[in-house]
Amino acid sequence: MTLKLLTFGNPMVDLILHVKAQYIQSLGVAEGQETHLHLTTEERRNIIQTALASPKLLRVPGGSALNTARTCQVFLPRKSSLFIGAIGDDSNGDFLVEQCTEAGVDMQFIQKYSGQPTSLCLSLVSQTKERTLITQRSAHLYYRLDTKDLDACLAAADILYVVSFTLSSSPRFNCVQYLLQNKNPSRHVFCLNISSSGLLQNPDVVTRLGVILPFVQVLSGNQSEMIALGVALGFKETKACDIAQKLVTSVLQLPGALIICTNSAKPTMVFTANAPPQIFPVALPTLFKLEDTTGAGDAFLGGFFAGMYT
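Following this line, the structure appears as structure tokens:
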């Protein structure tokens, strides 16, 4: 039997452009800052339109969950992963489906909406290789519950992976709840990515996280996201390791639940309820040129999920 990973997220086309740090500063944001809270919709649209005119712009498939599925496919047979989400009925949507299908991802359950452009994410990469993300949110917001499709996904998949970005709207949250309510406890493993520190400033997202966290079996996030989650949940703890330990002992309620906390090139830590944290040093290649860090965390999880199948 071929095991499968189901990923649910926001499909986007990533636009990667190398720029000087001064240009990023001129936009009124800091390098690496979550720009959604600092730029208006019109400002983001204008910045992306300017970038689209650059001959140096690189267009690649994107979206956190889709990046993870594509990475997973590097190590596994074709169609070992499925993706659900919404795109527009446009050339960018076609580009995503074609590129991801070619990479081996099963895209048959993608929803397509006419009149809505496929969402875009501009990654401005400075000389330091830091990336500043600017999104144009469109079609992915229109994903709606389709019980027939989700039942088919549940029948096919073993690992259910959801990014917290999907919790920012009620219809997509309903889909997450459907997966939780209809999964097979003896078969399915439900995994959640914290996704973004800035996302946790949305009170609706925090409320929805409170509903689903008790049923999460694998929770992942980087150090800053773990700290932001602790703040959002009102924890007194301020260190990522202490927050992760409290989450796995008092919030995640299913037996065997674990938390993965990454910290860039510093050791990755894994937390479980009844044992000390496990520490895994990160092996750094010697002959390696860093171009940018777009999708790095997504790729890490793609490798992690592929490892669960081997």
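Each number in this note's numbering comes from the position in the sequence shown (counting from 1) with 8 added on. No residue lacks a Cβ here, since even glycine has one placed at the ideal position from N, Cα and C. Computed from a prediction, not measured in an experiment: that's the story for all the values here.
With distance defined between alpha-carbon atoms, name the residue in the options nearest to residue i.
i      : options                        : result
Leu200 : Leu84, Val184, Asp212, Ser194  : Val184
Leu14  : Gln135, Ser88, Pro275          : Ser88
Phe198 : Ala29, Thr58, Tyr186           : Tyr186
Tyr317 : Leu84, Leu188, Glu42           : Leu84
Ile8   : Leu295, Ser62, Arg53, Thr270   : Here the chain covers residues 9 to 318 and nothing more, so residue 8 does not appear.
Asn18  : Glu51, Gln30, Gly101, Arg216   : Gly101
Leu149 : Thr136, Gly123, Lys137         : Gly123
Gln261 : Leu130, Leu241, Pro211, Gln225 : Gln225
Ile92  : Thr76, Ile268, Pro284          : Thr76
Ser228 : Ala160, Thr143, Ser72, His44   : Ser72
Phe223 : Met115, Asp98, Leu168, Asn54   : Leu168
Val68  : Ala111, Tyr31, Gly40           : Ala111
Lys120 : Glu138, Ala147, Lys247         : Ala147
Leu65  : Asn182, Val21, Thr174          : Val21
Gln41  : Lys254, Leu207, Leu158         : Leu207
Hey, quick one: how far does the beta strand (DSSP E) through residue i stretch, first residue to last?
i      : result
Lys120 : 119-121
Gln144 : 139-144
Ile202 : No beta strand (DSSP E) holds Ile202; DSSP gives it neither H nor E.
Ala94  : 94-96
What is the residue span of the alpha helix (DSSP H) that residue i lies within?
i      : result
Leu237 : 231-240
Arg180 : 178-190
Phe308 : 304-316
Ile251 : 248-258
Ala163 : 155-164
Arg216 : 211-220
Bridge partners of residue i, per DSSP?
i      : result
Asn271 : Ala273, Lys274
Thr280 : Leu266, Ala283
Ser131 : Ile24, Leu141
Thr301 : According to DSSP, Thr301 bridges with nothing at all.
Val113 : In DSSP, Val113 forms no bridge with anything.
Leu13  : Ser89, Ile167
Leu227 : Leu200, Ile267
Phe288 : Thr276
Within 10 Å of its beta-carbon, does residue i have 16 or more other beta-carbons around it, so buried, or fewer, so exposed?
i      : result
Asn192 : exposed
Arg86  : exposed
Arg152 : exposed
Ile202 : buried
Lys12  : buried
Met9   : Only weak support is given to the placement of Met9: the predicted model assigns it a pLDDT of 48, under 50, and the value that follows is read from those uncertain coordinates. Flag for Met9 reads exposed.
Val105 : buried
Thr302 : buried
Gly96  : buried
Glu233 : buried
Gln189 : exposed
Glu299 : exposed
Leu141 : buried
Val290 : exposed
Thr126 : buried
Ala283 : exposed
Leu171 : In the sequence under discussion, the amino acid at residue 171 is Val, which differs from the Leu named in the question. Buried: at least 16 other Cβ atoms inside 10 Å.
Ser99  : exposed
Leu90  : buried
Val133 : buried
Thr155 : exposed
Phe296 : exposed
Can you find a CB in chain D that lies within less than 8 angstroms of the CB of residue i?
i      : result
Asn230 : You won't find chain D in this structure, because it holds only one protein chain.
Q. What runs of the alpha helix (DSSP H), each 4 residues or longer, lie entirely inside the segment 19-89?
A. Counting only runs of 4 or more residues that sit fully inside the segment 19-89, the alpha helix (DSSP H) segments are 29-34, 49-60, 72-83, in chain order.
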